[in-house]
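Residue numbers (our numbering): 78 to 620. Working notes, beginning with the structure itself.
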Amino acid sequence: MASSPVSPESHLIGNLSVATSDVYYATHGGLFKPNYHELLIDLHFLRGKDVMLPRSYQTSILTPFINFLENNEGLFNKLFHESEEKLNLKEGYLKRGLREVAEGLLQRNHELKYYRSAFRDLNALQAVVTTIFQDVWASDISPRTSKVLPPLAKWGYKSPHAFPPFSFPFTEMKIPVGIVNFPAEYRKGGLLAWVSLGHEVAGHHFLRYIDGLVSDLRSVVADAFKNKEKDPLVKDLGDYWCACVEETVCDVLGVLNTGPSFGIGLLGYLRAVRGGQLKSSGTKFSTEKGSSMNSLLLHSKKTNQIFVKTLSDSVILEGTEGLFGYLGPENSHPLKYQKYKSSDKHPVDILRFFVITSVISILDSSSCWIKLIEDEVSKDLGIKNQITLMQLNEKSHPIVINSIDIPIEVAKRSVQVVVEALMSSPLKHLEGKKLTDIFSWTEKDEILVEKIKEIINDPKFEKLPDLASTKSIARHVIAASVLSSVQQRDEVEGTNPIHAVETIFHNMKTSLVDIFERDPTWHQNQHMRTVYHPPSEIEDDDE
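Okay, structure coming up:
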């Protein structure tokens, strides 16, 4: 029998555009495309889809975002189709904001744009974000926060980020809800990284929702070093800690929300991304004007130094220093780079764990976790008894980078000053409350975590029936999963260690999805159940 002629429009390739979109998602790490009309069509599809996006979020995010786009087609095309050099700083910031909001909304479209498995995992992520946020706002912080919606969770960049509406250009779009970004690779692994949600949601989101709070905290730290500390070596670190205050407070709040598991999870996470060892050196950040820009120093033995004041967002250089490339064309020689300023002012790794153990000590001075974490830090310090802070002198010719060695005991004393000030000081923008009046981690939390640990690593685990209605359980599930995953297992148990971590990770997400589906914030008058299959039954459908 002769075959029938096949037209290009036949069913044989009718799904080509969808399959192409799948490749786009895999290669670009997201669903957003800089196509104005296609984006509006996709966003309009979400209207009325309450199962995908609750009505409250349609009102607060979707509708104002669509309105903004429909009134700014020219601006959209300028941001995404003109060269980056033609955009000013505000426009560059807005471009990133548009991409974040669009991606967060598009990831709710599991019917046409998104894998069901990815959407299911997104529900697990949203459960943690919502729970932590609601726990914070359960306290009567201020009248302004009485009707604030939890931030929208999304998969995205290579490191966790929080974009609160008051620190990101969402206000220009009249969007009163923030976004929490979590790396997409942690959908299928990287359990320890999930503990960072305490840092992002209870930390950055909380701090930025209340205008003036970060300034309050910086002031109490500055006052503590100026008026309560006499050692000049310790006092000299005051400006460094003031510059790092937001990231430091986020670490404090990470412990107050997920307990010692925050320290253990962060320890494993940083070792993983640092190649196995915590950093004991870094930039000596300052509160001086201009110190928050991303800057770069290029240098070579055969050329003068090249100072880059602001590094483009599209340029990604790993670590604080490394090889930039080779100068040529003849007798090529290496051109090295060194970062000395950053918009992300995290304290040196070693100092972050001194902060964490100081917080744990205030909560429970007898906690075994203090020594465990300090012993791990000592392993990475080795025989060194100091940390090193690097300070760049722009006024010298050539530019000089000064290395300042800080004895460990001086560093630890400076941490004590910071943590005591942050945890014990009444804050004006919290109406006289202290951080510990709003956040807490007590013996009751530890008991709940231990109960979850007893069953979270069971391969036959289904859900947490006796605990599912417990308030705040999502963060306790994270804490229990982290601690259970690092616990040594006897050979007689017959469980491969990495398989045990996989089982715990799967059970953690199963529990979080169950918590998500019980949350009225997301499912008012809606009934949507997500089936979780054991790891062996899940295909790698989004590689």
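Glycine residues also receive a C-beta, built at the ideal position from the N, C-alpha and C atoms.
For chain C, find out if any of its Cβ atoms is closer than 7 Å to the Cβ of residue i; answer yes or no.
i, result
"Asn-144", "The chain labelled as chain C is not found in the depicted structure, where only one protein chain is given."
Quick check on the burial criterion: 16 or more other C-beta atoms within 10 angstroms. Buried or exposed for residue i?
i, result
"Phe-582", "buried"
"Leu-146", "buried"
"Asp-591", "buried"
"Val-95", "exposed"
"Val-128", "exposed"
"Leu-428", "buried"
"Ile-437", "buried"
"Tyr-102", "buried"
"Lys-305", "exposed"
"Pro-73", "The structure shown does not extend to residue 73, since the chain is modelled only from 78 through 620, so no value can be given for it."
"Lys-448", "exposed"
"Ala-498", "buried"
"Glu-579", "buried"
"Ile-533", "buried"
"Lys-361", "buried"
"Asn-258", "buried"
Could you have a look at residue i and say whether DSSP puts it in helix, strand or coil?
i, result
"Ile-256", "strand"
"Gly-342", "helix"
"Phe-157", "helix"
"Met-467", "strand"
"Ile-90", "helix"
"Val-410", "At residue 410 the sequence reads His, which differs from the Val that was named. The answer is strand: DSSP assigns His-410 an E or B state."
"Gly-280", "helix"
"Asp-482", "strand"
"Tyr-102", "helix"
"Val-95", "helix"
"Val-205", "helix"
"Tyr-191", "coil"
"Phe-109", "coil"
"Gly-174", "helix"
"Leu-394", "coil"
"Val-432", "helix"
"Gly-275", "helix"
"Ala-215", "coil"
"Phe-122", "helix"
Take residue i as the anchor and find which of the options has the nearest alpha-carbon.
i, options, result
"Leu-199", "Gly-174, Pro-260 and Phe-145", "Pro-260"
"Lys-521", "Asp-293, Leu-440, Ile-460 and Met-500", "Leu-440"
"Ala-488", "Leu-108, Thr-364, Val-332 and Leu-310", "Leu-310"
"Glu-323", "Phe-431, Ser-296 and Gly-340", "Ser-296"
"Phe-122", "Gly-107, Leu-314, Lys-110 and Gln-135", "Gln-135"
"Trp-214", "Leu-294, Leu-512 and Ile-447", "Leu-512"
"Ser-338", "Pro-227, Phe-401 and Ala-270", "Ala-270"
"Ser-357", "Arg-351, Ile-464 and Lys-265", "Ile-464"
"Thr-293", "Ala-556, Ser-502 and Val-257", "The question names Thr, yet the displayed sequence has Asp at residue 293. Nearest of Ala-556, Ser-502 and Val-257 to Asp-293, Cα basis: Ser-502."
"Ala-281", "Val-298, Arg-185 and Asp-328", "The sequence as given places His at residue 281; Ala does not occur at that position. Cα-wise, what sits closest to His-281 is Asp-328."
"Tyr-249", "Glu-168, Ser-558, Ile-555 and Arg-124", "Note that residue 249 is Glu in the sequence shown here, rather than Tyr. Closest option to Glu-249, Cα to Cα, is Glu-168."
"Leu-330", "Leu-274, Glu-527 and Ala-349", "Leu-274"
"Arg-124", "Leu-183, Thr-97 and Lys-155", "Leu-183"
"Asn-112", "Gly-151, Arg-351, Gly-91 and Thr-140", "Gly-151"
"His-158", "Leu-117, Lys-110, Lys-540 and Glu-531", "Lys-110"
"Ile-256", "Val-272, Tyr-263 and Glu-277", "Glu-277"
"Val-563", "Ile-460, Glu-365 and Leu-268", "Leu-268"
"Asp-288", "Leu-504, Glu-453 and Leu-164", "Leu-504"
"Ala-179", "Ser-480, Thr-587, Leu-117 and Val-492", "Leu-117"
"Asn-462", "Val-495, Glu-486 and Phe-593", "Glu-486"
"Val-559", "Gln-354, Arg-351 and Tyr-346", "Tyr-346"
Cα separation between residue i and residue j?
i, j, result
"Ser-443", "Ile-478", "42 Å"
"Gly-402", "Lys-413", "7 Å"
"Leu-284", "Leu-89", "54 Å"
"Lys-510", "Leu-404", "57 Å"
"Ala-301", "Tyr-317", "13 Å"
"Leu-31", "Arg-185", "What the structure shows of the chain is the stretch from 78 to 620, and residue 31 is not part of that stretch, so it cannot be assessed."
"Leu-120", "Ile-143", "7 Å"
"Ile-483", "Val-385", "28 Å"
"Ile-515", "Gln-211", "12 Å"
"Asn-92", "Lys-190", "13 Å"
"Leu-229", "Lys-537", "32 Å"
"Ile-252", "Arg-176", "14 Å"
"Asp-457", "Leu-343", "14 Å"
"Thr-97", "Lys-265", "23 Å"
"Pro-574", "Lys-530", "16 Å"
"Val-326", "Val-272", "15 Å"
"Arg-552", "Glu-162", "43 Å"
Given the structure, does residue i come close to the ligand NAD, in the sense that its CB is under 6 Å from one of the ligand's heavy atoms?
i, result
"Ser-273", "The model on display carries no ligand, and the ligand NAD is accordingly not part of it."
**Request:** Please specify which runs of the alpha helix (DSSP H), each continuous and at least 4 residues long, are wholly inside the stretch 500-582, giving them in chain order.
**Result:** 512-515, 520-533 and 550-563
**Request:** Just list the beta strand (DSSP E) runs in the stretch 297-363, keeping only unbroken ones of 3 residues or longer that don't cross its boundaries, in chain order.
**Result:** 358-360
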